[in-house]
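Top line first, the protein sequences correspond to chains W and C. Residue 93 in numbering that gives the first Met the number 0 is what sits at position 94 of the first sequence, and the numbering runs on without skipping anything. Residue 151 in numbering that gives the first Met the number 0 is what sits at position 152 of the second sequence, and the numbering runs on without skipping anything. From the three backbone atoms N, C-alpha and C, an ideal C-beta is built for every residue, glycine too. Only one structure is covered here, and it is reproduced in the block below.
There are 2 protein chains.
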Amino acid sequence: MHASFEGSVFIAASLDGFIARRDGSLDWLPGANGQPADPAAPSDGDYGYASFLASVDSLLMGRATYDTVLGFAEWPYGTKPVAVLTTRDLVLPADPSAVVSAVSGDPAAVAARLVDQGRPRVYLDGGRTIQQFLAAGLVGRLVITRVPVLLGDGIPLFGPLPADVVLRHETTESFASGLVQSTYRID
Amino acid sequence: MHASFEGSVFIAASLDGFIARRDGSLDWLPGANGQPADPAAPSDGDYGYASFLASVDSLLMGRATYDTVLGFAEWPYGTKPVAVLTTRDLVLPADPSAVVSAVSGDPAAVAARLVDQGRPRVYLDGGRTIQQFLAAGLVGRLVITRVPVLLGDGIPLFGPLPADVVLRHETTESFASGLVQSTYRID
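Following this line, the structure appears as structure tokens:
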């Protein structure tokens, strides 16, 4: 792992390991994709999301994830800098407080650049980005929230690896909604 | 779901959803495959296995799983009847107390047969068997124990489904070893 780079993942997945349907849809995710939360459902707060977001300097995501987030009712990252892995022109968010830039290159090069820019603690989002950084040994923290549904198909959270990745389980919390959140470290 | 059939799953999976390596190997599973448990590791008992086994009348597994279990140092199911989904001749376990029979047919037919035989509460084991019974709506209880490792490839626990399967989360327990066990119901 690069000297001071810490890649963190905070993601919801179906019990069978998908982070979205094939078309990118998150309709199976309670309260996501701009849907109002079910008022009859128990409230589990934000599942630690605000606290997680406060623990990182910036975000790095793939182009497909960025385009999905652009479709949300609100830009969810405030003024936190967001780097998008893409070689194409970016459409910027309508929210004027959004800080978005394009980056490209392999995980090690991108990580080094983010460290140089003073943003070593990076929230990695999107299936391909997460998979590439896991394979490159650049993920230090993994927070997975399991949604109690089997989708049968979709965009997988995990992918091929050059070797086993051993994790250290830190905490697990279950919520009234049936979501189960586990935090792992990769040393 | 058939009138009184209850299919139950009790299985360990890697964090990326594999129940074995491609060659069937369970070497990544602490204490499994006849390996002695690491004496330096914390003891987490049997992760509820004996209690789970006591809650079922019989087992149903695929041929590949059966052949893997035959290679274990000990036959792990005592006198609990084990039905093996196969159309080929079975090699029987060396343990004379083992009760093993061959069955074939689609999940609904096999489930009906087990109910007729007075064994409605069935422990389903093996990736293909679990996937087929989930797809047929014949799994009522799912106990998944997540091992804190990413394998990158292997035999997947879950597979394609004709439609989303919504689960009800019942309990989650984490162990000193880093294993996290969740119990779900499918109504």
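- For G125 of chain C, the closest Cβ of chain W is not nearer than 7 Å.
- Selection W:S96, W:G77, W:A93 and W:Q131 evaluated against S103 of chain W yields W:Q131 as nearest (Cα-Cα).
- Taking 7 Å as the cut-off, the Cβ atoms of P155 of chain W and F17 of chain W count as close.
- The beta carbon of G177 of chain W sits closer than 7 Å to some beta carbon of chain C.
- Taking the Cα positions, A19 of chain W is about 8 Å away from A12 of chain W.
- Listed by position along chain C, the residues whose Cβ is nearer than 9 Å to that of P159 of chain W are G151 and D152.
- Exclusion of the five residues before and after R140 of chain C leaves E5, G6, S7, V8, T182, Y183, R184 and I185 as the residues of its chain whose Cβ lies within less than 8 Å of its Cβ.
- Distance from L160 of chain C to L149 of chain W at the Cβ level is roughly 6 Å; contact confirmed, criterion being Cβ atoms closer than 8 Å.
- From the beta-carbon of T78 of chain W, no residue of chain C is found nearer than 7 Å; the closest lies around 33 Å away.
- The way I'd put it, the segment 89-104 of chain C doesn't touch the segment 117-125 of chain C; fewer than three beta-carbon pairs between them come closer than 8 Å.
- For D115 of chain W, the enclosing alpha helix (DSSP H) covers residues P106 to D115.
- In this structure L69 of chain W does not touch P106 of chain W by the C-beta definition: roughly 23 Å separates them, more than the 8 Å allowed.
- At least 7 Å separates the beta-carbon of V146 of chain C from that of L166 of chain C.
- By the neighbour-count criterion, in which a residue is buried when 16 or more other Cβ atoms sit within 10 angstroms of its Cβ, T78 of chain W is exposed.
- In this structure, W:T85 is the residue among W:D163, W:T85 and W:T144 with its C-alpha nearest to the C-alpha of T128 of chain W.
- Closest in C-alpha terms to L59 of chain C, from the list C:S24, C:A110, C:W27 and C:V164, comes C:A110.
- In the three-state DSSP reduction, Y76 of chain W falls in the coil class, being neither helix nor strand.
- At a cut-off of 7 Å between beta-carbon atoms, V146 of chain C makes no contact with chain W.
- Within the segment 8-32 of chain C, the residues whose Cβ lies closer than 9 Å to some Cβ of chain W are S13, L14, D15, G16 and W27, listed in chain order.
- Apart from sequence neighbours up to five positions away, the residues of its chain that approach G126 of chain C with a beta-carbon distance below 7 Å are I18, I154, P155 and L156, ordered along the chain.
- A19 of chain C is bridged by DSSP to C:I154.
- Pairing P80 of chain W with S54 of chain W gives a Cβ-Cβ distance that is not under 7 Å.
- With a threshold of 7 Å between beta carbons, T171 of chain W makes contact with chain C.
- Residue C:D163 holds the alpha-carbon nearest to the alpha-carbon of D26 of chain W among C:D163, C:H168 and C:F174.
- If you look at A53 of chain C, you'll find it in the alpha helix (DSSP H) that goes Y48 to A53.
- For I129 of chain W, there is no enclosing beta strand (DSSP E); the residue is part of the alpha helix (DSSP H) that begins and ends at G126 to A134.
- Between G44 of chain C and Q180 of chain C, the beta carbon gap of about 11 Å keeps them out of contact (Cβ cut-off 8 Å).
- Boundaries around T182 of chain C are those of the beta strand (DSSP E), V179 to R184, since no alpha helix (DSSP H) includes it.
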